[in-house]
Amino acid sequence: MRRIPVFTLLLSASVFGACLGLNCSSAIAEPERISLWNGKAPAGEGKTVKADAFVTVHRPSKPNGTSMVICPGGGYGFLVMGAEGHGIAKWLNQHGITGIVLQYRLPRGNRFVPLLDAQRAIRLTRSNAAKWDCDPKKVGIIGFSAGGHLASTAATHFDKGNPDDPDPVNRQGCRPDFAILVYPVITMGRKTHGGSRSNLLGRATGAETVNYYSNEKQVTAQTPPVFLAHAKDDRLVSADNSRLFYAAMKAHKVRGKYLELPRGGHGLNGYKGPMWDAWQTQSLRWLAAEKLVKRKK
Numbered sequence: 230m231r232r233i234p235v236f237t238l239l240l241s242a243s244v245f246g247a248c249l250g251l252n253c254s255s256a257i258a259e260p261e262r263i264s265l266w267n268g269k270a271p272a273g274e275g276k277t278v279k280a281d282a283f284v285t286v287h288r289p290s291k292p293n294g295t296s297m298v299i300c301p302g303g304g305y306g307f308l309v310m311g312a313e314g315h316g317i318a319k320w321l322n323q324h325g326i327t328g329i330v331l332q333y334r335l336p337r338g339n340r341f342v343p344l345l346d347a348q349r350a351i352r353l354t355r356s357n358a359a360k361w362d363c364d365p366k367k368v369g370i371i372g373f374s375a376g377g378h379l380a381s382t383a384a385t386h387f388d389k390g391n392p393d394d395p396d397p398v399n400r401q402g403c404r405p406d407f408a409i410l411v412y413p414v415i416t417m418g419r420k421t422h423g424g425s426r427s428n429l430l431g432r433a434t435g436a437e438t439v440n441y442y443s444n445e446k447q448v449t450a451q452t453p454p455v456f457l458a459h460a461k462d463d464r465l466v467s468a469d470n471s472r473l474f475y476a477a478m479k480a481h482k483v484r485g486k487y488l489e490l491p492r493g494g495h496g497l498n499g500y501k502g503p504m505w506d507a508w509q510t511q512s513l514r515w516l517a518a519e520k521l522v523k524r525k526k
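Numbering-wise (my numbering), the sequence shown opens with residue 230 and increments by one.
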């Protein structure tokens, strides 16, 4: 008779005990890391390169159907994958939201690649909606700092997908159903964050390119609902970025809310404290008003 290791028996007993009387499918699944391009990624203007981007899917124990692609910040020079990535996914999971952390490609001289990755992540989420217990009509995007610029770019630059594409992912539209932007870079104009602009656009400073990535100028009536939060004393990324975007939203009658916090600076006191708690609390109330999470009593 084949001997079964004691550890295996203990582990099996533990799993059985945890599932006894419960629906085992409600257990929290391990985060799943998925390649977006399988090593052959688009580089814009019809070109492809040997490169890749990834998403890590954090699924809640009790999904409510809403999902969010998460864009960490880092000035388009690096990615804050912890506090503005996986940490946000865990917070979203607590409220039944599936968190999809996007490890997007950094521009490094090619301004096209971050948006291509964000659009692919949205399409992938819709394509896997049934598998991930998500509603394809409740796919949002959330971004921080330069990741907020990427999220706002995705919220203002989108298409309906190609129904004839052999890749089922590309048949999906990439318009997010809603967006949350936290201390975001928005404009590439005078009020921009210099490092983000330099890393994204490089030497491309023509008016057409600058306007294309100045997302306050790209808002239309088709822009999805947006929640913004920004500290008044943010010296790295001026709150004027959020103000410009919110003003454009109101001009085009786009639903949303702007929460201007009295203090906290960039990063809201290191991702903790009352100002950090405030945007999370207020954004959840806004999501409830949009019927994307359940309203708490």
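Yeah, the Cβ is synthetic: ideal placement off N, Cα and C, and Gly gets one too.
No experiment lies behind these values; they were computed from the predicted model shown.
Helix, strand or coil at residue i [DSSP, three-state]
i              : result
arginine 514   : helix
tyrosine 487   : strand
glycine 275    : coil
threonine 421  : coil
alanine 318    : helix
glycine 311    : helix
serine 264     : strand
isoleucine 409 : strand
alanine 270    : strand
isoleucine 329 : strand
isoleucine 415 : coil
valine 298     : strand
glutamine 401  : coil
threonine 354  : helix
Cβ separation of residue i and residue j, assumed to be a contact under 8 Å, to the nearest whole Å
i              : j              : result
isoleucine 317 : isoleucine 329 : Not really, about 10 Å apart at Cβ, beyond 8 Å.
leucine 490    : tryptophan 515 : No, leucine 490 and tryptophan 515 are not in contact; Cβ-Cβ is about 15 Å, not under 8 Å.
glutamate 445  : glycine 376    : Not quite, the Cβ-Cβ distance comes to about 17 Å (not below 8 Å), so this is no contact.
glycine 273    : leucine 345    : 7 Å
lysine 367     : glycine 294    : 5 Å
Top-ranked residue by Cα proximity to residue i, from the options
i             : options                           : result
aspartate 406 : Ala375, Gly418 and Gln451         : Gln451
glutamine 332 : Met310, Asp393 and Thr421         : Met310
glycine 493   : Phe307, Val466 and Gly268         : Val466
glycine 496   : Lys446, Ala408 and Gly372         : Gly372
threonine 421 : Leu457, Val455, Arg400 and Arg464 : Arg464
glycine 338   : Ala433, Lys389 and Ser374         : Ala433
valine 448    : Pro260, Ile415 and Ala436         : Ile415
glycine 302   : Leu379, Lys461, His459 and Leu265 : Leu379
arginine 352  : Gln401, Gly268 and Lys279         : Gln401
leucine 410   : Ala350, His459, Cys363 and Ala280 : His459
arginine 262  : Pro271, Gly435 and Arg288         : Arg288
Per DSSP, cross-strand counterpart(s) of residue i
i                 : result
phenylalanine 283 : Ser264 and Gln332
Ignoring anything shorter than 3 residues or poking outside the segment 367 to 397, list the beta strand (DSSP E) runs there in chain order. Counting whole runs of 3 or more residues, the segment 367 to 397 contains the beta strand (DSSP E) stretches 368 to 373.
Completely contained alpha helix (DSSP H) runs for the segment 438 to 482, where each covers 4 or more residues: Listed in chain order, the complete alpha helix (DSSP H) runs (minimum 4 residues) inside the segment 438 to 482 are 469 to 480.
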